[in-house]
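All remarks here apply to the structure that follows.
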Amino acid sequence: IIKVGEEKSTRFPITEGVKQEGILSPYLFNIFIDQTLSLCTDLKVGTTIDEINLSILAYCDEIRESEVNSDYEKTHY
């Protein structure tokens, strides 16, 4: 089911994955991961350290992280 605002599609079978080079792939991934992270946070699964709930750790893509580090080095060295 796809939900946009309050509108929902009908159920449909998923027979294949989403291609990495697909134009919608990054958006679909972001929608999925955002919902997953929110669910884990809301359920308060995980552990608590100093009154902070650690329900899930998420890391950015290594390629993007490398670009950020490279930009940082250019501006600070």
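Residue 93 is where the sequence shown starts when you use the numbering used here, and the numbers rise one by one after that. Yeah, the Cβ is synthetic: ideal placement off N, Cα and C, and Gly gets one too.
Go through its chain and collect everything with a Cβ distance to ILE93's Cβ below 7 angstroms, but skip five positions before and after it.
-> Only LYS100, SER101 and ARG103 meet the Cβ criterion.
Taking only the alpha-carbon atoms, compute the straight-line gap between ASN145 and ASP126 and give it to the nearest angstrom.
-> Cα to Cα, ASN145 sits roughly 18 angstroms from ASP126.
Once you ignore the five residues that flank VAL96 on each side, which residues in its own chain have a CB closer than 8 angstroms to its CB?
-> Once the five neighbours on either side are set aside, VAL96 has no close Cβ partner at all.
Helix, strand or coil for ILE123 per DSSP?
-> Three-state DSSP puts ILE123 in a helix.
Pick helix, strand or coil for LEU135, following the three-state DSSP scheme.
-> The three-state secondary structure of LEU135, taken from DSSP, is helix.
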